[in-house]
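Student: Once you've had a glance at the structure underneath, I'll fire off some questions.
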Amino acid sequence: WQTSGGWGRIDRDAAVDAMLAYADAGLSTFDMADHYGPAEDLYGLFINRVRRERPPELLEEIKGLTKWVPPPVKMTRSYVEDNINRSRKRMDVSALDMLQFHWWDYANPGYLDALKHITDLKEEGKIKTVALTNFDTDRLQIILENGIPIVSNQVQHSIVDMRPQRRMAELCQLTGVKLITYGTVMGGLLSEKFLDTNVSIPFAGPPLNTPSLQKYKRMVDAWGGWSLFQALLQTLKKVSLKHGVSISTVAVRYILNQTSVAGSMVGVRLGLSEHIKDTNAIFSLELDEEDMNSITEASNKGRNLMDIIGDCGDEYRA
Numbered sequence: 123w124q125t126s127g128g129w130g131r132i133d134r135d136a137a138v139d140a141m142l143a144y145a146d147a148g149l150s151t152f153d154m155a156d157h158y159g160p161a162e163d164l165y166g167l168f169i170n171r172v173r174r175e176r177p178p179e180l181l182e183e184i185k186g187l188t189k190w191v192p193p194p195v196k197m198t199r200s201y202v203e204d205n206i207n208r209s210r211k212r213m214d215v216s217a218l219d220m221l222q223f224h225w226w227d228y229a230n231p232g233y234l235d236a237l238k239h240i241t242d243l244k245e246e247g248k249i250k251t252v253a254l255t256n257f258d259t260d261r262l263q264i265i266l267e268n269g270i271p272i273v274s275n276q277v278q279h280s281i282v283d284m285r286p287q288r289r290m291a292e293l294c295q296l297t298g299v300k301l302i303t304y305g306t307v308m309g310g311l312l313s314e315k316f317l318d319t320n321v322s323i324p325f326a327g328p329p330l331n332t333p334s335l336q337k338y339k340r341m342v343d344a345w346g347g348w349s350l351f352q353a354l355l356q357t358l359k360k361v362s363l364k365h366g367v368s369i370s371t372v373a374v375r376y377i378l379n380q381t382s383v384a385g386s387m388v389g390v391r392l393g394l395s396e397h398i399k400d401t402n403a404i405f406s407l408e409l410d411e412e413d414m415n416s417i418t419e420a421s422n423k424g425r426n427l428m429d430i431i432g433d434c435g436d437e438y439r440a
């Protein structure tokens, strides 16, 4: 997302160097989208460096997840294939590891046509797995009933935004579809940096200087506001001190423990910040029942965002 504009200039070489450092540390799956500026091109540069400079075992571990977000035009076979081929070319791969499909307007049923063509391309070996992003529960059910082999749905999910557990997780349990979560550290709001701060006073607290921080601050406001969020951070801090990890590490582990969650994406500004240690600590962190209950209690003090925003992805369809 950081390559899509609004974040400042991206240094291409520094970004690819950072991707290599993450891959070397075992964090080898990268998520992008066709419309995230040069994201797919950066992945192509990165994967070629892995081929040249790293052993074949690492190449086997690398996975590139991309999204296709088409405009609401007629979803013909040739239109779908041309777009998939463009991503394959930019990422320099013969087959996309995962294509995550997004659709803006449910009143237009063209998403089913697109997904049928995508499924055909999967059968032809151009896509390895078919997935969704920001689809709601009702549409996921329709898609599955149409025989589309969906493996996952990428949705916003954090201790503040528990909407995926209200309806989506139940359907996922029944069907085997998994959730991949984003916004899980809320652009960095769920961290020590924002503990004991007041962002309502200009220049008093850390600046909300990225599109991500601004987006998730709006989620905090909808959920219950900054003072309630501070109480949540205090709860997370107690748990983090108990285990000797960061607040962000606890925040991701809590969501990974939720029903049907298979993976969580941690955003990083490539070449500008680095979270390898905190991210790798997630794998060994085990939250006990007391930890989970205290975090759930703090989360439940906020409003149910399902009532305010609607189901998964509805924030994009207001």
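According to this note's numbering, the sequence shown holds residues 123 to 440 in order.
We put the CB at the ideal spot given by N, CA and C, even for glycine.
A quick note: this is a predicted structure, and the numbers were derived from the prediction, not measured.
(1) To the nearest angstrom, how far is the alpha carbon of R173 from that of V367?
(2) Tell me which same chain residues have a C-beta within less than 8 Å of the C-beta of A140, skipping the five on either side of it?
(3) What does the alpha-carbon distance come out to for the pair D219 and A145?
(4) Which one of G310, I323 and A384 has the shortest CA to CA distance from D400?
(5) Hey, how far is the Cα of P328 from the Cα of F316?
(6) Ignoring anything shorter than 4 residues, give me the alpha helix (DSSP H) runs that lie fully in the region 147-181, in order along the chain.
(7) Does the region 279-290 come close enough to the region 341-348 to have 3 or more Cβ pairs within less than 8 Å?
(8) Are the CB atoms of T381 and A253 nearer to each other than 7 Å?
(9) Select from V195, L164, D153 and G159 the residue whose C-alpha is nearest the C-alpha of T188.
(10) What's the gap between the Cα of E162 and the Cα of V202?
(11) In whole angstroms, give me the CA-to-CA distance for W190 and T151.
(12) Hey, how far is the Cα of A147 from the Cα of A229?
(13) Using the C-alpha atoms, what's the distance from A217 back to K248?
(14) Below 8 Å, can you find three or more Cβ-Cβ pairs linking the region 233-249 to the region 405-414?
(15) Can you grab the Cα-Cα spacing for the pair N402 / L149, in whole Å?
(16) Take the Cβ of K185 as the centre, count every other Cβ of all protein chains shown within 10 Å, and call the residue buried at 16 or more, exposed below.
(17) With L358 and A373 assumed to form a contact (beta carbons below 8 Å), what rounded beta-carbon distance in angstroms separates them?
(18) Just to confirm, are T371 and I398 a CB contact at a threshold of 7 Å?
(19) Can the beta-carbon of T255 be found less than 7 Å from the beta-carbon of Q287?
(20) Identify, in the order they occur along the chain, each residue of the same chain with its Cβ nearer than 7 Å to the Cβ of R289, setting aside the five sequence neighbours on each side.
(21) Quick one: give me the first and last residue of the beta strand (DSSP E) that Q278 is part of.
(22) Can you give me the C-alpha to C-alpha distance between M387 and V307, rounded to a whole angstrom?
(23) Determine the direct distance from the alpha carbon of G269 to that of V361, and round the result to whole angstroms.
(24) Measure the alpha-carbon distance for D133 versus D436 and round it to whole angstroms.
(25) Please report the straight-line C-alpha distance between W225 and F257, rounded to a whole angstrom.
(26) Applying the criterion that 16 or more other CB atoms from any shown protein chain within 10 Å of the CB defines a buried residue, is L355 buried or exposed?
(27) Pick from V273, D429 and A353: whose alpha carbon is nearest that of K423?
Tutor: Let's see:
(1) If I take the Cα positions, the gap works out to 34 Å.
(2) For A140, same chain residues with a beta-carbon under 8 Å away, outside a window of 5 residues either side, are V390, L392, G393 and E396 in chain order.
(3) Cα to Cα, the separation comes out at about 16 Å.
(4) Relative to D400, the option among G310, I323 and A384 whose CA is nearest is G310.
(5) Approximately 7 Å between the Cα atoms of the pair.
(6) Fully enclosed alpha helix (DSSP H) runs of no fewer than 4 residues occupy 161-175 of the region 147-181, in order along the chain.
(7) In short, these stretches touch, since the Cβ pair count reaches three.
(8) No, the pair does not count as a contact, with Cβ atoms beyond the cut-off.
(9) Nearest option by C-alpha distance: D153.
(10) Using only the alpha carbons, I get a separation of about 17 Å.
(11) Taking C-alpha positions only, W190 is separated from T151 by approximately 17 Å.
(12) For A147 and A229, the distance between alpha carbons rounds to 44 Å.
(13) Taking the straight line joining both Cα atoms gives about 4 Å.
(14) No, the region 233-249 is not in contact with the region 405-414.
(15) Between the alpha carbons of N402 and L149 lies a distance of about 8 Å.
(16) K185 counts as exposed, since fewer than 16 other beta carbons sit within 10 angstroms of its beta carbon.
(17) Correct: roughly 6 Å between the Cβ atoms.
(18) In this structure, T371 lies away from I398, with their beta-carbon atoms at least 7 Å apart.
(19) The answer is no: Cβ separation not under 7 Å.
(20) Within the same chain, T259 and D433 come within 7 Å of R289 by CB-CB distance, once the 5 residues on both sides are set aside.
(21) I272 to Q278 is the span of the beta strand (DSSP E), which, as asked, contains Q278.
(22) Take the alpha-carbon of M387 and the one of V307: they are about 9 Å apart.
(23) Cα-Cα distance, rounded: 43 Å.
(24) D436 has its alpha-carbon roughly 34 Å from the corresponding atom of D133.
(25) Going by the C-alpha atoms only, they are around 8 Å apart.
(26) By the 10 Å Cβ count, L355 comes out buried.
(27) Of the residues V273, D429 and A353, the one whose Cα lies closest to the Cα of K423 is A353.
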